[in-house]
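**Student:**
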Amino acid sequence: MKNLRKPLVNLVYLESLEARQFFHAAWGDFPHLIGQDAAVANYPWLTGAGESIAVIDKGIDYNHPSLGKGFGPGFKVEAGYDFYQNDADPNIGQGLEPHGTGVAGILAADPYTWNGKYYQGIAPKVNLISLRQNSSTGVKQALDWVIANRVKYNIVAVNITDFIGSGFTPTVYKNELATLYAAGVFIASPVGNGGPNQPIEYPALAPEVYGTAAIDISDKMWSEDQRGNGLDVLAPGVNATLTYDDANDKPIYTNFAVGTSWSTPHVVGTAALLKQISPSLTPAQIISIIKDSGKQYYDAVSNQTYARLDINAAIA
Numbered sequence: 020m021k022n023l024r025k026p027l028v029n030l031v032y033l034e035s036l037e038a039r040q041f042f043h044a045a046w047g048d049f050p051h052l053i054g055q056d057a058a059v060a061n062y063p064w065l066t067g068a069g070e071s072i073a074v075i076d077k078g079i080d081y082n083h084p085s086l087g088k089g090f091g092p093g094f095k096v097e098a099g100y101d102f103y104q105n106d107a108d109p110n111i112g113q114g115l116e117p118h119g120t121g122v123a124g125i126l127a128a129d130p131y132t133w134n135g136k137y138y139q140g141i142a143p144k145v146n147l148i149s150l151r152q153n154s155s156t157g158v159k160q161a162l163d164w165v166i167a168n169r170v171k172y173n174i175v176a177v178n179i180t181d182f183i184g185s186g187f188t189p190t191v192y193k194n195e196l197a198t199l200y201a202a203g204v205f206i207a208s209p210v211g212n213g214g215p216n217q218p219i220e221y222p223a224l225a226p227e228v229y230g231t232a233a234i235d236i237s238d239k240m241w242s243e244d245q246r247g248n249g250l251d252v253l254a255p256g257v258n259a260t261l262t263y264d265d266a267n268d269k270p271i272y273t274n275f276a277v278g279t280s281w282s283t284p285h286v287v288g289t290a291a292l293l294k295q296i297s298p299s300l301t302p303a304q305i306i307s308i309i310k311d312s313g314k315q316y317y318d319a320v321s322n323q324t325y326a327r328l329d330i331n332a333a334i335a
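Residue numbers (our numbering): 20 to 335.
1. Give the C-beta separation of residue 324 and residue 283 to the nearest angstrom, bearing in mind that I take them to be a contact with Cβ-Cβ under 8 Å.
2. What residue from 219, 292, 299 has the CA that sits closest to residue 334's CA?
3. Short of 8 Å in beta carbon distance, which residues of its chain neighbour residue 204, apart from the five on each side in sequence? Order them along the chain.
4. Between 233, 200, 243, 214, which has its C-alpha nearest residue 225's C-alpha?
5. List the endpoints of the continuous beta strand (DSSP E) containing residue 59.
6. Applying the 10 Å Cβ sphere with the 16-neighbour rule, what's the burial state of residue 269?
7. Grouping DSSP H, G and I as helix and E and B as strand, with all else coil, what is residue 133?
8. Return the residue from the list 121, 130, 72, 244 that minimises the CA-CA distance to residue 80.
9. Nearest to residue 259 by alpha carbon, out of 247, 275, 244?
10. Under three-state DSSP, which class holds residue 330?
11. Assess contact between the stretch 235-249 and the stretch 205-216, defined as three or more Cβ pairs (one per stretch) separated by less than 8 Å. Is contact present?
12. Going by DSSP, what residue range makes up the beta strand (DSSP E) through residue 315?
13. Write down the C-beta distance between residue 295 and residue 140 rounded to the nearest angstrom, noting that I regard them as a contact closer than 8 Å.
14. Cα-Cα, which of 92, 62, 147 is closest to residue 78?
15. Near residue 48, what residues of its chain come up, given a Cβ to Cβ distance below 6 Å and the 5 sequence neighbours on each side ignored?
16. Measure the alpha-carbon distance for residue 316 versus residue 86 and round it to whole angstroms.
17. Just grab the DSSP bridge partners of residue 74 for me.
18. With C-beta atoms as the reference, is residue 229 less than 9 Å away from residue 252?
19. Going by DSSP in three states, residue 231 sits in which element: helix, strand or coil?
20. Comparing C-alpha positions only, which one of 50, 95, 62 sits nearest to residue 69?
21. Looking at C-alpha atoms only, which residue of 53, 63, 98, 262 is the closest neighbour of residue 13?
22. Buried or exposed for residue 123, please, with buried defined as at least 16 other CB atoms from any protein chain shown within 10 angstroms of its CB.
23. Going by DSSP, what residues sit across from residue 164 in a beta bridge?
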């Protein structure tokens, strides 16, 4: 997976919702497009509570106000490990790309406003496991950690980003993917940002992993989405609004995030909601629900039809 950081514009510093949580602003455009607003209205109890999602990425700024302001038992980011620095602190590190922080926010952010619009994570009460890595070997170690701790933390889903250029040999963890899939854990990964002529690779191509690609606010596929075998679901990823850090490591929100990385947590968060409804659902059943309930999108570039995520329809 290519480095997905883009120059950031349109940043905003933090606006508390504490006094306004029951009278929030209108929902953001993407949450409305994919039925998140309707799902929250129709199923307010469906929050991912009691479950955990493992985020295998570049670490999470767990001090971000929308991500719990802390790390460990009792916090939103309840556990994790840094397989890059080989220590027990899975934060992103000073001055480094807050990619995992953005993923975490789409998955589970507490409510916030940006530019007068309301946002929250897809599963805002789910717990997060931050597993920081910088190579495919690190991903393998992180997946082994998930296998060892799956029951302890009730890990129902895994969001993987494996970055090309940092020891990218993703088939080294194919056995771990098979083990987790057999245990009922839903796994998804971005298909990549190399454009329609670039074939999809592992981990999205693995049979146990569901690949995601990006749509824009006009509900069209992004021109740089990789396409074909391995792409399962479309979700927001072009100017997506998310939690982030600026160049000085100060927590912010941005809507200038572009790439297939941002589509994946929308799908993984939805999988956690479905597992809350029915814990016995298998990954294959979950992706079937998401595909069958999604808006069918015909892509003239690949001559294939893909499902675009509709959270409310999937729950219904």
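We put the beta carbon where it would ideally sit given N, CA and C, even for glycine.
Remember, it's a predicted structure, so these values are computed and weren't measured experimentally.
**Tutor:** Taking the definition as stated:
1. That belief does not hold up - the Cβ atoms of residue 324 and residue 283 are roughly 20 Å apart, past 8 Å.
2. 292
3. 165, 169, 174, 175, 176, 177, 302
4. Comparing Cα positions, the closest option is 200.
5. That residue, residue 59, is in no beta strand (DSSP E); its alpha helix (DSSP H) goes 55-61.
6. exposed
7. strand
8. 121
9. 275
10. helix
11. yes
12. 314-318
13. About 14 Å; that fails the 8 Å criterion.
14. Answer by Cα proximity: 147.
15. 236
16. Spanning the two alpha carbons is a distance of roughly 33 Å.
17. 149, 178
18. yes
19. strand
20. 95
21. An answer regarding residue 13 cannot be provided, because it is not within the stretch 20 to 335 covered by the chain.
22. buried
23. Bridge partners of residue 164: none, in fact.
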